[in-house]
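Just so you know, the working numbering puts the end of the sequence shown at 136, numbered straight through with nothing missing. One structure is given below, encoded as structure tokens.
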Amino acid sequence: MQQNFATSQRAAAAAAAAAEKLASNPKQAPKMCSRNIKISVVLFLVLIPIFTALPHNHNLSKRSNFFDLECKGIFNKTMFFRLDRICEDCYQLFRETSIHRLCKKDCFDSKWFGECVKVLLTPTEEITNLQHFIKVVNGSPISFNMAPVT
């Protein structure tokens, strides 16, 4: 703690010395200001494209995905994310984009989603939760049987 205090005192003294130096040499002040403005402008121009290239609000993209899938139920971020995760895991297993698309078809109410659940060896209690999640997110009872493989 004392070491931090001593460091901050030294930094304050150095800043005071620099300010005194600037006050004694008024010609140097405009050059420093001009240089700082140039640095600020360059940083601004460099950082703007970086920030615009970063992914935007992930939750918003998941919500728009909810509407893209034409889900007619209630958007529940946790439930939707879990259902979406099943399709993501299935895709990671087979690396086939058509499986990813078919798994999400009809707002997760397709035989493909059920097949992904089976292939991923989902436990029975989790299947019950997924069935409930589909009812909530899809807005209708599920039309296929997701019985676990025994």
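Glycine residues also receive a C-beta, built at the ideal position from the N, C-alpha and C atoms.
Boundaries of the alpha helix (DSSP H) harbouring K97: K97 to V105, taken from the DSSP string. With contact defined as three or more Cβ pairs closer than 8 Å, the segment 18 to 25 and the segment 75 to 93 are not in contact. Here DSSP, grouped into helix, strand and coil, assigns L55 to coil. Secondary structure at R68: helix, using DSSP grouped into helix, strand and coil. The straight-line gap separating the alpha-carbon atoms of I120 and V103 is approximately 13 Å.
Around the C-beta of G125, fewer than 16 other C-beta atoms lie within 10 Å, and the residue is accordingly described as exposed.
Between C93 and V123, the C-beta gap is smaller than 8 Å, which places the two residues in contact. The alpha-carbon separation between F66 and E112 amounts to approximately 14 Å.
Per DSSP, reduced to three states, the secondary structure at I60 is coil, with no helix or strand assignment. Bounds of any alpha helix (DSSP H) do not take in T108, whose DSSP letter is neither H nor E. Exposed is the label assigned to L31, since fewer than 16 other Cβ atoms lie within 10 Å of its Cβ. Between the alpha carbons of N115 and R71 lies a gap of roughly 14 Å.
Here S84 carries a helix assignment [DSSP, helix/strand/coil].
Here C76 is near L106, since their CB atoms are less than 8 Å apart. In the structure shown, the three-state DSSP call for S126 is coil.
In this structure, the CA atom of D95 is about 10 Å from the CA atom of L69.
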